[in-house]
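Notes follow once the structure below has been shown.
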Amino acid sequence: EPLHYSNYLINGELKKWEGETAEVYSTISSTEEYKPTLVGSVPNMDAESAKEVLLAACDAYGKGKGAWPTMKVSDRIACMEKFVEQMKTKRDEVVKLLMWEIGKNLPDSEKEFDRTVEYIYDTIEDYKQLDRDSAKFLKRDGVYAHIRRGPLGIVLCLGPYNYPLNETFALLIPALIMGNTAIFKPAKHGVLLITPLMEAFKNSFPRGVVNIIFGRGREVAAPIMQSGRIDVLALIGNSKSAIALQDQHPNKNRLRLVLGLEAKNPAIILPDADLDLAVEECINGTLSFNGQRCTALKMIYVHEDIREEFNKRFSAKVDALKFGNPWEAGVKLTPLPEPDKPAYIKELIDDALEKGAKILNKKGGEISDNYIYPAVLYPVNEEMRVYQEEQFGPVIPVKLFNDIDQILDELALSNYGQQVSLFGKDVYELSPLIDTLVNLVCRVNLNSSCQRGPDVFPFTGRKDSAVSTLSVHDALRSFSIRTFVATKDT
Ligand code: G3H
11 EPLHYSNYLI NGELKKWEGE TAEVYSTISS TEEYKPTLVG SVPNMDAESA KEVLLAACDA
71 YGKGKGAWPT MKVSDRIACM EKFVEQMKTK RDEVVKLLMW EIGKNLPDSE KEFDRTVEYI
131 YDTIEDYKQL DRDSAKFLKR DGVYAHIRRG PLGIVLCLGP YNYPLNETFA LLIPALIMGN
191 TAIFKPAKHG VLLITPLMEA FKNSFPRGVV NIIFGRGREV AAPIMQSGRI DVLALIGNSK
251 SAIALQDQHP NKNRLRLVLG LEAKNPAIIL PDADLDLAVE ECINGTLSFN GQRCTALKMI
311 YVHEDIREEF NKRFSAKVDA LKFGNPWEAG VKLTPLPEPD KPAYIKELID DALEKGAKIL
371 NKKGGEISDN YIYPAVLYPV NEEMRVYQEE QFGPVIPVKL FNDIDQILDE LALSNYGQQV
431 SLFGKDVYEL SPLIDTLVNL VCRVNLNSSC QRGPDVFPFT GRKDSAVSTL SVHDALRSFS
491 IRTFVATKDT
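The opening residue of the sequence shown carries number 11 in UniProt numbering; numbering runs sequentially from there.
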C-alpha cells in the first residue's frame, strides 16, 4: 500500500500540509511488465513554508538564549535517549522502505538501521566524555580558562540517497546534541523512510529544535540559505549542490561547512598480493549497493605481472553475482533508485569502448528494467570519462600499472582524496609508500576494501572529497565551537 504522508514538523508540531504533494516512485517493478511502483507521496513544500520553518528553528535557538542551547547536558542526553528508544520501535517499517525506495538489499538495509542506532548511543557516550573534558581548567600567566564547547546556531541538514538514514543522522544527531537547532530535509530518494520517525522527533525534542521539511532543494533549501540565518550547512552529496547552496548565502564567511562529497577511491593490486583476497575485497568494494557509495572502489590499478590472473578471477566473480529484488536471499545487485542511472552508466561504457577498452565479463553493460549489469572495463586510460568521473554505479574501470609512482602522480592530480585500498603481502615493508599515500588521501586500507565504518573512525577526505570530519568523536567538534570563560588569579 502506498504511504501518503502529509505532515511536516515545525515548532514541535506535526502540521498538515495543505498544498501540492510529490509522488514517490520506486524503480522496483511490482508487475510482470516493467513499471516503476508508486510507493507514496510527501508534501511538496514551497518557499513561504520553508521560511516559516526557518523561523521556528531561529526562535528555538533564541539567539543563544533558547531552552535548547542553554539546556543542561543531562537533559539534552535524556531527549536523545528518548528519541533513540522510540526510533528502535520503527525498525521494520524503515528497513522495508529502505528496500523499496533505494533498492538496498535486506542485510544492508538492516545494517544501515542498526548502525545508526549504535551511532546515536556512541554519540551520547562521547558527548558525556566531551563534557567531562570540557570541565577542565587551563591556567597560564595568572589567567584561568574554563573551557566549554558551545553550539554554532542554526543548521541546515541535507542527506544523501545512498544512506538516507545513517549519513543524514551522522549530521543531524551530533548537530542537535551540541545544542544547535536544525532544519532537516530528507533526500529525494529515501524520503518516505523518514516519515515513521516523525513522531519520535516530535515527542523527544523541545519545540522548534528539530524541524523536518519536504520539497525540492531549489524551492525550499535555497530561500532558507538566502535568508543568511543559517550558521552551518551540513550536507552529504555532491559538490555541485553544496556550492550552489553556499552561493545562496549572503555572507559565506559566516557559514560553517560540514560536507561529505565525491570520491574516486582506487584499489592498488601489487604483484605479490593474495589474489583471492584482493578479488573478494574488490567485489565488495566496487559493487556493494551497486557501487553507489562515496567510499566505493571506483578504480582498480592492477600490476602488469598479475593483470591476467586478477582480471580473469575478478570478472568471473562479477558474473556470478545475483541480481534481484532487495528482499530476496543472496541478492547482491539490485535495481538502481535513480531512473536515469543505467543510461548514464551506459554512456561511460560506450565512451570507454570507443577509446579502446573492452568489457571483460559476459553480461557487462546489459540493461534490464532499471538495472545495468556491472561492466569490468580494461584497459582504462586517462582520456576516458569513466576515469575522470565519479561513476557512482555498477561499472568498474581497471587500469594497468608497472610503476607505483605512476599511481602516486595520478592521485596527486586527482580532485579527490578520500581513501585507497592497498593489496600486497609486504605492505608493511612498503611503509614509505604508505607514508606517501596518507598524504594524498585520509585512510589507507591494507588488504581490505574502502569503507566509512566503523562509524567511530574519522571520516573525511582531502581536496573536493570533504570539508570537516565526521565520526562520532569528530562530528561533535565539527558542530560546535570551543569557548571559554577567563578569570584572573587575583
Ligand atoms: O557513501 C558513503 C558512505 O559513508 C559509505 O559508508 O563505507 O560504510 O558503506 P560505508
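Every residue gets a Cβ at the ideal spot worked out from N, C-alpha and C, and that includes glycine. Bear in mind the structure is a predicted one, so any value in this text is a computation, not a measurement.
With respect to Ala70, Arg217 sits close: the two C-beta atoms are nearer than 8 angstroms. In the structure shown, the three-state DSSP call for Asn21 is coil. Counting C-beta pairs with one atom in each stretch, the segment 235 to 248 and the segment 258 to 270 have three or more that are closer than 8 angstroms, which means they touch. The C-alpha of Arg150 lies about 18 angstroms from the C-alpha of Arg492. The C-beta distance from Cys452 to Leu307 rounds to 15 angstroms, too long to fall under 8 angstroms, and the pair is not in contact. With at least 16 other beta carbons inside 10 angstroms of its own, Asn275 counts as buried. Its chain contains Gln258, His259, Pro260 as the residues whose beta carbon lies nearer than 8 angstroms to that of Gln236, once the 5 sequence neighbours on both sides are disregarded; these appear in chain order.
Each of Ser298, Leu148, Glu338 was checked against the Cα of Ile38, and the nearest Cα belongs to Glu338. Here Glu111 is buried. Its C-beta has 16 or more other C-beta atoms within 10 Å.
Cys292 has its Cβ no nearer than 7 angstroms to any heavy atom of the ligand G3H. The nearest non-hydrogen atom of the ligand G3H is 7 angstroms or more from the C-beta of Tyr383. Residue Phe147 holds the alpha-carbon nearest to the alpha-carbon of Arg159 among Leu287, Leu182, Phe147. Distance from the CA atom of Arg101 to the CA atom of Tyr129, rounded to whole angstroms, is 15 angstroms.
The DSSP-derived three-state label of Phe489 is coil.
In the three-state scheme derived from DSSP, where H, G and I count as helix and E and B as strand, Pro336 is classed as coil.
Beta-bridge partners assigned by DSSP to Gln398: none are found. When Glu439, Tyr381, Tyr426, Ser458 are compared, the shortest CA-CA separation from Thr296 is found for Ser458. DSSP places Cys292 within a helical segment (H, G or I) once states are collapsed to three. Between Glu95 and Val105, the C-beta spacing is not below 8 angstroms. Between Lys195 and the set Arg487, Leu181, Gly334, Leu346, the nearest pair of CA atoms involves Leu181. In this structure Val430 is in contact with Asn455, their Cβ atoms being roughly 7 angstroms apart against a cut-off of 8 angstroms. In the three-state reduction of the DSSP assignment, Cys68 falls in the helix class. Using a 10 angstroms sphere on the CB of Tyr131, the tally of other CB atoms stays under 16, which defines it as exposed. In this structure Leu203 touches Pro174 by the C-beta definition: roughly 6 angstroms separates them, less than 8 angstroms. If you look at Pro260, you'll find it isn't in any beta strand (DSSP E); DSSP assigns it neither H nor E.
Nearest Cα to Leu418 within the set Lys250, Leu447, Gln428: Leu447. A contact is defined here as three or more CB-CB pairs under 8 angstroms, and the segment 182 to 194 meets this definition with respect to the segment 76 to 93. Taking C-alpha positions only, Met109 is separated from Ser16 by approximately 22 angstroms.
For Lys351, the three-state secondary structure derived from DSSP is helix. When Ser36, Cys304, Ser84, Ile310 are compared, the shortest CA-CA separation from Tyr137 is found for Ser84. Here the alpha carbon of Pro404 sits roughly 44 angstroms from the alpha carbon of Pro79.
With fewer than 16 neighbouring CB atoms inside 10 Å of its own CB, Ser40 falls in the exposed class.
Look at Leu245 here: in three-state DSSP terms it is strand. Its chain contains Leu267, Leu269 as the residues whose beta carbon lies nearer than 6 angstroms to that of Val477, once the 5 sequence neighbours on both sides are disregarded; these appear in chain order. The three-state secondary structure of Lys149, taken from DSSP, is strand. In this structure, the CA atom of Glu28 is about 21 angstroms from the CA atom of Ala197.
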